[in-house]
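Q:
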């Protein structure tokens, strides 16, 4: 038997073509204009504005270095990944199947009847 994949085709139902929505460049251009206008206004003023303070805080967040705990976490993650790769590198297919069978043997099956009472 030959089976054809895909969705069901209904008779007398015409498929409507999907129309892609075009992204408006209008919003993007408005944002750029506001940004440049804000920069021009900021450069004219002598005192720092909220916008400049926001930009300074954003650059500080981008430039911050990871903490000691973050560095330790990344080092441990990398060490574990390398150890796992080292263990898996030399396993043959037969070894992998044996390990999988041992894992399945150690697990109890959900449809097994529990032993109740003596006997």
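In my numbering, the protein residues as written are 1 to 119. Yeah, the Cβ is synthetic: ideal placement off N, Cα and C, and Gly gets one too. Note that the structure is a prediction, hence the values are computed from the model and not measured.
(1) In angstroms with no decimal places, state the Cα-to-Cα distance between residue 88 and residue 78.
(2) Grouping DSSP H, G and I as helix and E and B as strand, with all else coil, what is residue 29?
(3) I need the straight-line Cα distance from residue 69 to residue 80, nearest angstrom please.
(4) Can you grab the Cα-Cα spacing for the pair residue 35 / residue 18, in whole Å?
(5) Taking only the alpha-carbon atoms, compute the straight-line gap between residue 31 and residue 55 and give it to the nearest angstrom.
A: From the atom records:
(1) The residue labelled residue 88 in the question sits at position 88 within the chain shown. The residue labelled residue 78 in the question sits at position 78 within the chain shown. Separation of residue 88 and residue 78 (C-alpha to C-alpha, rounded to the nearest whole angstrom) is 15 Å.
(2) In the chain shown, the residue the question calls residue 29 occupies position 29. In the structure shown, residue 29 sits in a helix (DSSP, three-state: H, G or I).
(3) Stepping through the chain shown from its first residue, residue 69 is reached at position 69. Stepping through the chain shown from its first residue, residue 80 is reached at position 80. The straight-line gap from Cα to Cα measures roughly 16 Å.
(4) Here residue 35 refers to the residue found at position 35 of the chain shown. Here residue 18 refers to the residue found at position 18 of the chain shown. The alpha-carbon atoms of residue 35 and residue 18 are separated by roughly 35 Å.
(5) To locate residue 31, count along the chain shown from 1; it is residue 31. To locate residue 55, count along the chain shown from 1; it is residue 55. Here the alpha carbons of residue 55 and residue 31 stand approximately 16 Å from one another.
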